[in-house]
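Its first residue numbered 1, the sequence shown is counted upward by one per residue in full-length UniProt numbering. C-beta atoms are modelled at their ideal positions from N, C-alpha and C, and glycine is treated no differently. Quick caveat: nothing in here was measured; it's all calculated off a predicted structure.
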Amino acid sequence: MKCIKCDKKAIISYPVRFCKEHFIEYYLNKLKETIEKWEMFNKDDKILVAVSGGKDSSSLAYALHLLGYEFEGLYINLEIPNYSNFCEEKVKELFKLINKKLNIIRVSDYGVKVERVRNRPRCSVCGTIKRYLMNRFAYENGFTVLATAHTMPDEVSFFFMNLRSGNLNAIVKQKPVLEGKGKFVKKVKPLIYFTEKENLTFSLINNLPVCRLECPYAEGNTQNVIKNKIYEIDKDFRGLFNQTIHFLEKINIEVKDEEVYECIKCGYPTSSKDIVCSFCKIKEYFSKNPS
Ligand code: AMP
Ligand code: FES
Ligand code: ZN
Ligand code: ZN
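Structure (structure tokens):
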């Protein structure tokens, strides 16, 4: 199988058929176009890239480096046994390679842990902790934009989850850019048009240090189950991922903005009626249930 641009052997066949050189060119061009089209950031922004050590965020950081962007990294050590410390080592290796500053924070320093809270599964607790700490770290350190490595399948599976729970507000907010407001830092998703296979290929051909361990708590995670089902449908009906992403972009419905308050414990925004944010509730739970 040949590259569609030259006579060399293709290293990837779907969604694009390219040789190594043309794949890198395609990947970087698509990333640059996405950033520019959505005005995600420019070279004057103070950019923070959230990196987990996985193939997606490692590829994002490396590609942004190749495109000449200045940024710092943030790794949140979730203190998950047999997982988090290993990922931390990979992220450190990557940032050494690209010679950029890496910030590392640990969940225990903030009084929380990735464990069940009442009937909330660990993955859901983890999601709240990550979102809160990424935003708080970015805000407290003067970053103007926070980039995450959410991919097309992440967004599409999230859309189906929101559809299932009838959360129209969340669907309307599923955009490549979420503008900042008050203590909410602007959030961008530069890999929104990329598949996991593209990121895996990019990480492999550039020999990037990547943590290949699966999170031990991921088993049965609803979003992963939904994602795998969509992959199956996409195999038979090509284009489901792509079409859904473009459909989400076009949704322009006026929804009543949720009332936002300042959490009485930490001062960060919350829409919770009791004016205590979800992060502080998790923290409170662990202070009362320390073991
Ligand atoms: P996830 O919530 O695991 O789907 O991850 C979504 C995005 O959050 C990733 O693409 C990363 O950019 C970021 N992220 C995930 N885990 C971490 C972590 N431990 N530290 C910093 N950023 C992370
Ligand atoms: Fe959060 Fe696995 S990374 S539960
Ligand atoms: Zn080629
Ligand atoms: Zn709070």
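So Tyr217 and Val114 are in contact, right, with Cβ under 8 Å, and what is the actual spacing, rounded? Counted from its first residue, the sequence shown places residue 217 at position 217. Counted from its first residue, the sequence shown places residue 114 at position 114. That pair is a contact at about 7 Å.
Per-residue burial, Gly166 [other beta carbons within 10 Å of its own, 16 or more giving buried]: Working through the sequence shown from its first residue, we reach residue 166 at position 166. Its Cβ having fewer than 16 others within 10 Å, Gly166 is exposed.
Rounding to the nearest angstrom, what Cα-Cα distance links Arg122 and Arg116 in this structure? The residue given as residue 122 occupies position 122 in the sequence shown. The residue given as residue 116 occupies position 116 in the sequence shown. Their backbone Cα atoms lie some 5 Å apart in a straight line.
Residue range of the unbroken beta strand (DSSP E) whose run includes Ile104: If you number the sequence shown from 1, residue 104 lands on position 104. Unbroken beta strand (DSSP E) run through Ile104: 102-106.
Which value, in whole angstroms, describes the spacing of the CA atoms of Phe237 and Ser84? Indexing the sequence shown from 1 puts residue 237 at position 237. Indexing the sequence shown from 1 puts residue 84 at position 84. Approximately 37 Å between the Cα atoms of the pair.
May I ask you to check if the CB of Lys288 is nearer than 7 Å to at least one heavy atom of ligand 4? Along the sequence shown, one-based indexing puts residue 288 at 288. No, the beta carbon of Lys288 sits no closer than 7 Å to any heavy atom of ligand 4.
Exposed or buried, what is Tyr193 when buried is set at 16 or more other beta-carbons lying within 10 Å of its beta-carbon? Counting from one through the sequence shown, the residue named residue 193 turns up at place 193. Per the 10 Å Cβ criterion, buried.
Keeping to the same chain, check which residues put their C-beta closer than 7 Å to that of Leu66; ignore five residues upstream and five downstream. Counting from one through the sequence shown, the residue named residue 66 turns up at place 66. Answer for Leu66: Leu28, listed in chain order.
So, helix, strand or coil for Ala50, using DSSP? As a first step, residue 50 is located in the sequence shown; it is residue number 50 there, counting from the start. Strand.
What would DSSP say about Asn162, mapped onto helix, strand or coil? To locate residue 162, count along the sequence shown from 1; it is residue 162. Note: Asn162 maps to helix in three-state DSSP.
Within the present structure, is the beta-carbon of Tyr75 separated from the nearest heavy atom of ligand 2 by less than 7 Å? Position 75 of the sequence shown, counted from the first residue, corresponds to residue 75. Incorrect: Tyr75 has no Cβ contact closer than 7 Å to ligand 2.
Alpha carbons only, please: which of Phe158, Val172, Lys181 is nearest the one belonging to Glu254? In the sequence shown, the residue the question calls residue 254 occupies position 254. Nearest of Phe158, Val172, Lys181 to Glu254, Cα basis: Val172.
Rounded Cβ spacing between Glu258 and Ser271 (contact assumed at less than 8 Å): The sequence position of residue 258 within the sequence shown is 258, counting from 1. The sequence position of residue 271 within the sequence shown is 271, counting from 1. The pair is a contact, with the Cβ atoms about 4 Å apart (cut-off 8 Å).
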